[in-house]
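Counted from 1, the sequence shown has number 238 at position 182 by this note's numbering; the numbering is strictly sequential. See below for the structure under consideration.
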Amino acid sequence: MSGLALILLALVGAGVAHAEDGYALWLRYRPVGQTWDARYTAAATQLVPAGGSATITAATSELNRGLRGMLGAVPGQAASVSRDGAILYGTPANSRVIAALDLPLKGLGNDGFVIRSVRVNGHRATVIAANSDVGVLYGVFRFLERMETREPLAGVDVRDAPKLKLRMLNHWDNLDRHVERGYAGLSLWDWFTLPEWKAPRYTDYARANASIGINGTVLNNVNANPDILRPRFLKKVAALADVFRPYGIHVYLSANFGAPVAIGGLKTADPLDPKVQAWWKAKADEIYRLIPDFGGFLVKANSEGQPGPQDYHRTHAQGANMLAAALKPHGGIVIWRAFVYSAQNSEDRAKQAYSEFKPLDGKFADNVMVQVKNGPIDFQPREPFHPLFGAMPHTPLMMEVEITKEYLGFNTHLAYLGTMWAEVLDTDTWQHGQGTTVARVLEDGKGTGLTGMAGVSNIGNDRDWTGSEFDQANWYAFGRLAWNPQGSAEAIARDWTKMTWGENPQMVDAIVGMMMESREAVVNYMTPLGLAHQMATGHHHGPGPWVHNLSRPEWNPVYYNRADANGIGFDRSATGSDAIAQYAPHVAALFGSLNTVPDKDLLWFHHVPWTYRMRSGQTLWDSLIDHYDKGVATVAQMQRTWALLKPYIDKQRFDEETAFMEIQHHDALWWRNASIAYFQSLSKLPLPAGHAEPPHDLRYYEAIKTPYAPGQAE
Ligand code: GCW
């Protein structure tokens with residue numbers, strides 16, 4: 057035996073071959089074990105693909121990969137079903153056999169699919185059919201997911217289609233590979249070696265996205281460098297589009313509105329100037345020559361220093377429509393962000409997006425979508441839903457959520473965001489009567505067919521993609537909720553857990569339990585009872601409730617907490633900024649009254665005295681302290697639960713999460729102590745019995761600086 061073979065054997069013997077580092081994501085395809093082996097093997101004896109497109113080839117290769125991993129062998133491939141247990145996949149257009157099965161494909165659109173146990177040529181078979189090859193690929197991933205989550209295949213009958221058309225990731229990746237608000241290493245896109253080198257990882261990225269139905273990706277930061285639109289970069293973009301195409305993923309770019317000036321040599325970017333219009337038209341033509349299925353532009357305009365139509369006294373609609381006209385002949389769209397607030401505007405920041413965009417309803421071209429963050433301020437651990445949902449009856453709205461945890465503890469805090477997004481999606485806006493939930497608003501394309509959800513990506517070039525194992529769950533949950541905004545956060549967590557950690561039922565229950573309470577824990581130790589934006593300056597790592605000296609008032613945490621000797625909270629009721637008036641009357645009344653406002657939103661909508669009596673009978677002050685301590689206690693409980701799971705989990709992933717939870721516990725205590733020290737300096741109240749005083753004085757916490765925290769904006 058050669059020396060190398062010996063070394064390899066020794067490595068396998070030491071278990072190295074089984075070490076897991078998270079690279080495989082939820083597509084681990086581990087052996088299914090005895091209970092399932094025979095049953096699944098009987099249902100996967102032969103692959104019968106219909107058609108030979110790149111997408112069908114990708115489906116075949118995924119089936120081979122999955123079945124090899126889970127069952128230890130790859131079934132043979134055949135042109136027609138010739139034995140029991142065949143898997144037949146394709147479209148009726150490419151297979152007479154599938155057409156003859158007369159499956160209920162009508163109404164499933166391009167992306168839906170049917171998976172069904174059938175008989176073909178006298179044999180038992182499973183058919184995976186759709187109206188398009190991409191639909192078939194989605195069906196194949198669902199089939200493999202059933203095996204990964206140990207669902208029976210015998211008698212399978214699944215019919216599913218996405219409720220939203222665009223299911224997109226927004227990468228905030230810069231051209232130098234720094235990722236704004238990225239906590240998972242550098243950007244995946246190695247612009248320097250593209251287009252020649254198409255790293256295999258790009259394909260794995262596409263596989264992961266396709267497995268959860270994501271069908272669009274914006275490659276670059278919304279704080280957009282105009283250089284991405286130069287020919288040299290467009291070739292690189294085209295190379296990525298080529299890799300993603302078989303997986304049904306369209307590429308989009310963030311466009312800098314000032315590009316005609318910055319790289320086009322024009323003196324203006326005024327959307328009404330014919331030269332500017334011609335420049336964008338030529339640019340669109342150039343892009344589509346390279347990327348025929350290019351998706352379109354995402355634009356952050358007149359927001360946080362970005363150029364936009366208002367620089368030329370034009371409206372957001374005029375700006376968006378000018379770009380839309382350039383893309384229209386090619387079938388592209390403009391996604392225009394509603395995340396605007398201005399230093400010159402003294403209006404409550406929570407009101408500004410609505411004030412700006414509501415009057416523009418009906419003024420956008422039919423290939424424009426307005427992208428609205430889930431809450432009115434900015435991706436906080438908890439916000440009420442954005443008042444624009446349901447308020448623009450003539451404009452297709454896309455919801456934007458932040459998968460990367462800029463405000464929820466970066467990659468080291470365990471916070472499952474499925475519950476946060478489901479909370480927003482399930483909320484009733486009452487805009488068109490009872491039952492107009494945010495999910496329903498998103499599902500309604502206003503007759504244009506344009507519906508969608510966008511998630512700010514948490515993906516980087518870390519080996520495990522997202523900087524922690526549990527942050528993979530947020531990528532996964534985003535895809536699942538974008539596919540079905542009415543999906544259950546708990547069911548999604550359960551599927552992800554089985555695929556990521558294993559099938560042991562006690563372990564699955566324990567992990568799902570942790571995930572389901574994790575986001576509320578973060579809310580409790582960072583910003584309980586409706587507080588928001590209390591994070592330290594710039595990087596947003598750690599607490600900074602005392603910060604009051606930043607140049608723009610609405611960048612200061614004190615702007616949001618409004619804490620003083622008398623009390624705390626932002627009065628957005630009719631006696632205050634009246635932000636409640638932007639909601640439907642039923643919701644405005646609910647939020648506007650102290651008798652009905654949910655505790656979780658109290659300080660978002662009301663300023664109350666420290667001694668205010670909560671409905672529980674507790675004072676606000678005591679309740680606040682309770683919440684901070686509950687947050688810390690939940691993290692401690694998660695640590696204890698995790699420790700018990702050690703026997704079930706591979707060493708590297710177990711050790712990493714153990715360490716991350718130590719960091720989380722430390723940070724939770726830091727948040728709790730610093731926040732209490734600051735608020736106590738104003739309230740002058742003692743802590744309720746049983747709650748410890750912060751170990752240090754306020755100055756100590758104010759002096760903590762973390763200048764090298766990752767993911768900063770540049
Ligand atoms: O939450 C804020 C972030 C910025 C980001 C901005 C936005 C890309 O702190 O880094 O800029 O939102 O959404 O535009």
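All C-beta atoms, glycine included, are put in the ideal place defined by N, C-alpha and C. All values reported here derive from a predicted model rather than from experimental measurement.
Given the structure, does residue i come close to the ligand GCW, in the sense that its CB is under 6 Å from one of the ligand's heavy atoms?
i	result
Asn279	yes
Arg438	no
Trp228	yes
Ala769	yes
Asp232	no
Arg237	yes
Phe395	yes
Asp634	no
Lys356	yes
Asp434	yes
Among the options, which has the Cα closest to the Cα of residue i?
i	options	result
Ala123	Glu479, Gly89, Lys554 and Trp477	Sequence inspection shows Leu at residue 123; the Ala mentioned does not correspond to that position. If we check each option's Cα against that of Leu123, Gly89 comes out closest.
Arg121	Thr91, Gly272, Ala80 and Phe466	Ala80
Ser574	Asn612, Gly505, Arg438 and His227	Arg438
Met572	Leu587, His662, Asp634 and Leu473	Leu473
Met224	Leu658, Ile343, Leu537 and Pro208	Leu537
Arg628	Ala689, Asp657, Ala338 and His469	Asp657
Ala724	Phe710, Lys740, Pro750 and Leu741	Pro750
Ala394	Thr111, Tyr258, Val426 and Ala748	Val426
Gly52	Ser243, Ala733, Gln133 and Gln638	With the chain covering only 57 through 770, there is no way to say anything about residue 52.
Phe248	Gly238, Ala262, Gly241 and Arg233	Arg233
Arg608	Arg728, Gly361 and Thr667	Gly361
Gly314	Asn605, Arg405 and Val332	Val332
Lys461	Pro330, Arg95, Gly125 and Trp228	Trp228
Ala149	Ala106, Arg175, Gly163 and Leu164	Ala106
Thr507	Phe353, Gly465, Phe626 and Thr451	Thr451
Arg755	Gly491, Asp520, Glu770 and Asn729	Asn729
Arg175	Thr147, Arg206, Val192 and Arg139	Arg139
Pro302	Pro330, Gly598, Arg550 and Gly272	Gly272
Tyr239	Ile624, His469 and Asp482	His469
Tyr616	Gln436, Lys219 and Asn226	Gln436
Tyr772	Gly598, His179, Phe169 and Tyr258	Any question about residue 772 goes unanswered here, given that the chain covers just 57 to 770.
Ala471	Gly687, Pro703, Asn401 and Leu250	Gly687
Gly49	Leu242, Asn226, Ile143 and His604	Limits of the chain in this structure are 57 at one end and 770 at the other, which puts residue 49 out of reach.
Lys419	Tyr258, Gly211, Ala373 and Leu103	Ala373
Starting from residue i, trace the alpha helix (DSSP H) both ways and give me its first and last residue.
i	result
Val317	Ala315 to Ala318
Asp565	Pro561 to Met582
Gly474	Gly474 to Leu481
Asn120	Ala110 to Leu127
Leu225	Where Leu225 is concerned, there is no enclosing alpha helix (DSSP H), although the beta strand (DSSP E) it sits in stretches over Leu222 to Asn226.
Phe413	Arg405 to Phe413
Glu342	Pro330 to Leu346
Met203	Asp189 to Glu204
Ser679	Leu676 to Leu700
Ala378	One point to set straight first is that residue 378 is Met, not Ala, in the sequence displayed. That run of the alpha helix (DSSP H) goes His372 to Leu383.
Asn530	Glu525 to Trp539
Pro641	Pro641 to Gly648
Thr714	Lys707 to Ser739
Gln436	Here Gln436 belongs to no alpha helix (DSSP H), and DSSP marks it neither H nor E.
Arg95	Gln90 to Ala98
Give the range of the beta strand (DSSP E) segment to which residue i is assigned.
i	result
Val603	Note, Val603: premise wrong, no beta strand (DSSP E); not H, not E.
Gln427	Val424 to Lys429
Asp213	Asp213 to Asp216
Gly272	Gly272 to Val274
Leu453	Leu453 to Glu458
Val512	Gly508 to Val512
According to DSSP, which residues form a beta bridge with residue i?
i	result
Gly352	Tyr308 and Ile389
Ile548	In the DSSP output, where bridge partners are listed per residue, Ile548 has none listed.
Gly446	In the DSSP output, where bridge partners are listed per residue, Gly446 has none listed.
Ser173	Thr182
Ile624	Val664
Tyr145	Pro105 and Ile184
Met670	Paired residue(s): none; Met670 is not in a bridge.
Met591	Pro599
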